[in-house]
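Below is one structure, written out as structure tokens; the observations come after it.
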Amino acid sequence: MGPSSRGGICRWTWRSRGRSTEERLPSTDCKEEEMFRRRDVLWLSVAVLATVGLLVACGGPTTQQPAPTVPPQEEKPTKPIVPADGLTLLETRCTACHSLDRVQQAQKTFDEWTQTVDQMIAKGARLSEEERAVLLKYLVETYGP
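In the working numbering, the protein residues as written are 702 to 846.
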């Protein structure tokens, strides 16, 4: 009998091995079909394992819970803001542009110091109205005529 394979079904044939011995062997086409079947099973296994690995890596709930969001609160100073004294204002604001020697050598009246401080504010010195008043008082008391 010859090899026979129909519709993807492998058929076995009887072949003679000698005088009275016959053995049942698969046909040549069956060996090829079996090889293709093993290859298909291998690729199917690889695809299933890759899919499972991808699902495990990307899916599922995490065990860590995100930290609850706390609404931002306004910062409240722990101590009341103490207005700066005249010397501190003079040292921090005026010396940004010139030395204290210039201020210490001037002997000005209240109106002259007011004019000088207003000129410095116009040139970019940063002073609030309260700080301006404190600085003027200090300048007149310390460096007045």
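Even glycine gets a Cβ: it sits at the ideal position worked out from N, Cα and C.
Remember, it's a predicted structure, so these values are computed and weren't measured experimentally.
Span of the alpha helix (DSSP H), counted from its first residue to its last, around Q808: Per DSSP, Q808 belongs to no alpha helix (DSSP H) and is neither H nor E.
W814 vs L840 beta-carbon contact at 7 Å: Taking C-beta atoms as the reference points, W814 and L840 count as a pair closer than 7 Å.
Buried or exposed: which applies to M821, given that a residue is buried once 16 or more other Cβ atoms fall within 10 Å of its Cβ? buried
Of the listed residues A768, V818, P846, A797, nearest to P835 (C-alpha basis): The sequence shown places Val at residue 835, rather than the Pro named in the question. Looking at the Cα atoms, V818 is the closest of the given residues.
Identity of the residue in Y844, L755, V757 nearest Q805 by Cα: Y844
Separation of P769 from A798, as counted between CA atoms: Note on identity: in this sequence residue 798 is Cys, with Ala being the wrong assignment. Distance between the alpha carbons of C798 and P769: 49 Å.
For L837, is the classification buried or exposed, using 16 other Cβ atoms within 10 angstroms of its Cβ as the cut-off for buried? buried
Once DSSP output is grouped into helix, strand and coil, what is the label at D786? coil
Can you find a CB in chain D that lies within less than 7 Å of the CB of A807? This model lacks chain D altogether, as it is built from one protein chain only.
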